[in-house]
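**Student:** For the sequence shown, the UniProt record's numbering gives the first residue as 1, with consecutive numbering after it.
Take a look at the following structure, please.
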Amino acid sequence: MPALTIRNTDNIPTRTSPTMSVEIWPPIAPEHLKSRVETSQKRELDWLVSELRETLTNLKHGLEDCYALLAPIDPGSTLVLSTPRNEIVKGHITRVGTRIVKGTIHLRLKTLPQQTLTINPDHPIHLAPLVTLHTLLTHSLDLLTMTLSFTYPTESPTTPSTSSTSPSPQLSSPAFLSSQLRLLSQSISESISILKGPPLVTAADPSWTTRSIAPSHFVPPLTAAAGSNTSHPSATPIPPISFHLSIQESSIVLWLRSLEAADAPVGFGTKLAFAIGTARRLEHDEADRVFGFCCAGEEHTAGPGGSPGGVMPSSSSLSTIKSGATTTGKKQGQGQQQQQDKKQVDVYVREKVRVESADPSLLSLAAKLTALGHTLGLARRNLAAVMGEELED
1 MPALTIRNTD NIPTRTSPTM SVEIWPPIAP EHLKSRVETS QKRELDWLVS ELRETLTNLK
61 HGLEDCYALL APIDPGSTLV LSTPRNEIVK GHITRVGTRI VKGTIHLRLK TLPQQTLTIN
121 PDHPIHLAPL VTLHTLLTHS LDLLTMTLSF TYPTESPTTP STSSTSPSPQ LSSPAFLSSQ
181 LRLLSQSISE SISILKGPPL VTAADPSWTT RSIAPSHFVP PLTAAAGSNT SHPSATPIPP
241 ISFHLSIQES SIVLWLRSLE AADAPVGFGT KLAFAIGTAR RLEHDEADRV FGFCCAGEEH
301 TAGPGGSPGG VMPSSSSLST IKSGATTTGK KQGQGQQQQQ DKKQVDVYVR EKVRVESADP
361 SLLSLAAKLT ALGHTLGLAR RNLAAVMGEE LED
């Protein structure tokens, strides 16, 4: 490398250092250098794996704290649901674990008479995102416990180790540890994404039509809208309100939609008022669009992941699902899907209200998971650097 020149404030050369180089002492023959390098790298890798034990133990304690924040412990968290600067929606709900067990909500919607919704304590509402989050946290804890037990086996000093109790070299190798940490990182990332929720888009979101809470979750159950099936007496009546809960930015978000059958007759006076401008429909992003409201008025049960949507399957379809029959299961699924499509009702959204309630437990859970994700990411980068591998997401 070139010589290093040190200059003073007057830019006059004063001293020049000799050329620097790195030498190994005592010198090693070239034929032994490769084996010495491999030995040094192995010792460095063994040291890093040993140091990661404390990091993984702290990660396990942190995941246990996160699991406790989502545990179904009474009395739960009481959250206020209230629209800002007005009293369109005013009430509270109680969340215990992944369920909404009780709540009372007073509504003063512009398109419906004043009413009060009371959640049935005997029929709680399962929040599908939190059910999935609970499953991911359980999977993460089991994965981390297995990783610690196989990578760092604990043996009694008085009991000699045997081949039946000691893990295989593949299960205690750095490669196994790296793959386990990658799976753990994916699980934590998915958990953080669930708490963050989908982005708040301005376009209409038709997914609420199949995820609205069933009327049977309330006391008394929501009744069908009067005159909703006037044109087609055989059609399924619709409840006047769509009640949908979601998770966004670690907060519980309530979407209320006032529904109207698309084929409901409109009086001459109403048409005339709309024509001359004395009456106007409420403007929102889902106005003047027809949605297929699924399974209105049917008995709902928890769907995949605990989602509060879907029709209760018959006993024959349940036995088919449990037995794992593929052909018959497809036929049953197609028939059930066709039955659901027939029972879809075309509706208009007359009024749409969004209410957000911050949940302190979910906010703390999101902060802890984010910190654990950063710690795990640093450990994975260090391990990949020593192993000479590229870090996979």
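Virtual Cβ for every residue (Gly too), placed ideally from N, Cα, C.
Considering just the uninterrupted stretch of the alpha helix (DSSP H) at Gln-180, what are its terminal residues?
**Tutor:** That run of the alpha helix (DSSP H) goes 174-196.
**Student:** Which residue from Ile-88, Glu-64, Ala-175, Val-89 puts its Cα closest to that of Arg-380?
**Tutor:** When each option's Cα is compared against that of Arg-380, the closest is Ala-175.
**Student:** Phe-291 lies in the alpha helix (DSSP H); which residues open and close that run?
**Tutor:** Phe-291 -> not in any alpha helix (DSSP H); beta strand (DSSP E) instead, spanning 291-293.
**Student:** Let me know if Glu-54 comes out buried or exposed under the rule of 16 or more other beta-carbons within 10 Å of its beta-carbon.
**Tutor:** Per the 10 Å Cβ criterion, exposed.
**Student:** Quick one: Cα of Ala-261 to Cα of Ala-71, how far?
**Tutor:** Each residue's Cα considered, the two are about 41 angstroms apart.
**Student:** Return the first residue and the last residue of the beta strand (DSSP E) that Asp-346 is part of.
**Tutor:** First-last of the beta strand (DSSP E) with Asp-346: 345-358.
**Student:** Going by Cα to Cα distance, which pick from Leu-81, Leu-222, Leu-109 is closest to Ala-358?
**Tutor:** Looking at the Cα atoms, Leu-81 is the closest of the given residues.
**Student:** For the region 107-119 and the region 132-141, state whether three or more C-beta atom pairs, one from each stretch, are separated by less than 8 angstroms.
**Tutor:** Counting Cβ pairs under 8 angstroms, fewer than three are found: no touch.
**Student:** Need the endpoints of the beta strand (DSSP E) that His-217 sits in, please.
**Tutor:** Taken as a continuous stretch (DSSP letters only), His-217 belongs to no beta strand (DSSP E), as it is neither H nor E.
**Student:** With a Cβ-Cβ cutoff of 8 angstroms, do Ala-385 and Ser-178 count as a contact?
**Tutor:** Not in contact: Ala-385 and Ser-178 (Cβ atoms no closer than 8 angstroms).
**Student:** Should Ser-189 and Gly-373 be called a contact, given that it needs their Cβ atoms to be closer than 8 angstroms?
**Tutor:** Yes; because the gap between Cβ atoms is below 8 angstroms, this pair is in contact.
**Student:** Any Cβ of chain C within less than 8 angstroms of the Cβ of Ile-188?
**Tutor:** Looking at the structure shown, chain C is missing, and only one protein chain is on hand.
**Student:** Rounding to the nearest angstrom, what Cα-Cα distance links Glu-392 and Ser-140 in this structure?
**Tutor:** When rounded, the distance between both Cα atoms is 18 angstroms.
**Student:** On the three-state DSSP scale, how would you describe Asp-248?
**Tutor:** In the sequence as displayed, the identity of residue 248 is Gln instead of Asp. Gln-248: strand per DSSP, three-state reduction.
**Student:** Hey, would you say Phe-291 sits closer than 8 angstroms to Val-353, going by beta carbons?
**Tutor:** Not a contact, by the Cβ cut-off of 8 angstroms.
**Student:** Considering only the alpha carbon of each residue, which of Ser-250, Ala-287, Phe-293 lies closest to Lys-79?
**Tutor:** Lys is not the amino acid found at residue 79; the sequence shown has Leu there. Nearest of Ser-250, Ala-287, Phe-293 to Leu-79, Cα basis: Ser-250.
**Student:** Checking the sheet assignment: what are the DSSP bridge partners for Lys-90?
**Tutor:** Answer is Ser-82, His-106.
**Student:** Evaluate contact between the region 123-132 and the region 93-106, counting only Cβ atoms and requiring at least three cross-stretch pairs below 8 angstroms.
**Tutor:** Judged by Cβ distances under 8 angstroms, the region 123-132 makes contact with the region 93-106, as three or more pairs qualify.
**Student:** Starting from Leu-148, trace the alpha helix (DSSP H) both ways and give me its first and last residue.
**Tutor:** Element bounds for Leu-148: 128-151.
**Student:** Output the boundary residues of the beta strand (DSSP E) element that contains Leu-117.
**Tutor:** Unbroken beta strand (DSSP E) run through Leu-117: 115-118.
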